[in-house]
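**Student:** After the structure tokens below, expect a handful of questions from me.
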Amino acid sequence: MNLDLLRHGETERGGGFRGSLDDALTASGWAQMRAGIDGAGPWDVLVSSPLQRCAAFARELAQELGLPLHFDADLRELHFGQWEGRSAAELMVDQAEGLGLFWNDPYSFTPPEGETLLAFEARVVAAGERLRERFSGQRVLLVTHGGVIRLLVARARQLPRAQLMQVEVAHGELFRLAFDDPGLRERP
Numbered sequence: 006m007n008l009d010l011l012r013h014g015e016t017e018r019g020g021g022f023r024g025s026l027d028d029a030l031t032a033s034g035w036a037q038m039r040a041g042i043d044g045a046g047p048w049d050v051l052v053s054s055p056l057q058r059c060a061a062f063a064r065e066l067a068q069e070l071g072l073p074l075h076f077d078a079d080l081r082e083l084h085f086g087q088w089e090g091r092s093a094a095e096l097m098v099d100q101a102e103g104l105g106l107f108w109n110d111p112y113s114f115t116p117p118e119g120e121t122l123l124a125f126e127a128r129v130v131a132a133g134e135r136l137r138e139r140f141s142g143q144r145v146l147l148v149t150h151g152g153v154i155r156l157l158v159a160r161a162r163q164l165p166r167a168q169l170m171q172v173e174v175a176h177g178e179l180f181r182l183a184f185d186d187p188g189l190r191e192r193p
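In the numbering used here, the protein residues as written are 6 to 193.
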């Protein structure tokens, strides 16, 4: 299965730890996503996180291209607990130590009341396996979040867990992977 991963664009509430918050895209966010797929494809099917910053674009694109669209809640962003809706600058005021621990090793530190990286990884990997089984031999565009893409790209690059945060994923950025029996790998 060829799997293209598109990160949602800029949201109305800005950056920071958006997690499970259901923010809408800005006009700039829509433009970022359109630019991200310019010249890409073709695809046989679209899959999206159900959060509107992904789903709204996926719905529009599926209709425009006449493609089937599927939603998978396991492809939503990491839940950041008490950090949801806060920026790194805001967290530096009262959560600086925790923020540093999270950036240095998110597998060892979980934001207060947040989802562990192990649980996040398990649900994203399981969703990826379901996609591979269901859409084997097809070209899939997955519209999702930075954390999901970072995790899948890190696995494709065979990076150690400690290097997860070194994978940079910009708004509207497209990554191209192949998902076959040996696992994930990057495509040119």
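Glycine included, C-beta positions come from ideal geometry on N, C-alpha and C.
1. State yes or no: is the C-beta of Leu74 within less than 8 Å of the C-beta of Ala63?
2. Taking the alpha-carbon positions, what's the Gln163 to Thr16 distance?
3. Within a Cβ cutoff of 7 Å, which residues of the same chain sit near Leu96, ignoring the five residues on either side of it in sequence?
4. Which one of Pro117, Tyr112 and Ala45 has the shortest CA to CA distance from Gln100?
5. Whose C-alpha, out of Thr149, Met6, Leu51 and Arg91, is nearest the C-alpha of Ala175?
6. I'd like to confirm the pairing. Which residues does DSSP put opposite Val52 in its beta bridges?
7. For Gly151, tell me which candidate among Val145, Arg137, Arg166 and Glu178 has the shortest Cα-Cα distance.
8. On the three-state DSSP scale, how would you describe Leu106?
9. On a Cα-Cα basis, can you pick out the residue from Gly34, Asp9 and Ala132 that is closest to Arg18?
10. What's the gap between the Cα of Pro111 and the Cα of Pro193?
11. Roughly how many angstroms lie between the CA atoms of Glu173 and Arg155, to the nearest whole one?
12. Could you tell me the boundaries of the alpha helix (DSSP H) in which Arg12 lies?
13. Check whether the Cβ atoms of Leu147 and Leu11 sit closer than 8 Å, and answer yes or no.
14. Less than 8 Å between the beta carbons of Ala183 and Asn7, yes or no?
**Tutor:** Straight from the coordinates:
1. Yes, Cβ-Cβ distance for Leu74 and Ala63 is below 8 Å.
2. 30 Å
3. Trp88 and Leu104
4. Pro117
5. Taking the Cα of Ala175 as reference, the smallest distance to any Cα among Thr149, Met6, Leu51 and Arg91 is reached at Thr149.
6. His75 and Leu147
7. Glu178
8. helix
9. The residue with the shortest Cα to Cα distance from Arg18 is Gly34.
10. 29 Å
11. 7 Å
12. First-last for Arg12: Asn7 to Arg12, but that is the beta strand (DSSP E), not the alpha helix (DSSP H).
13. yes
14. yes
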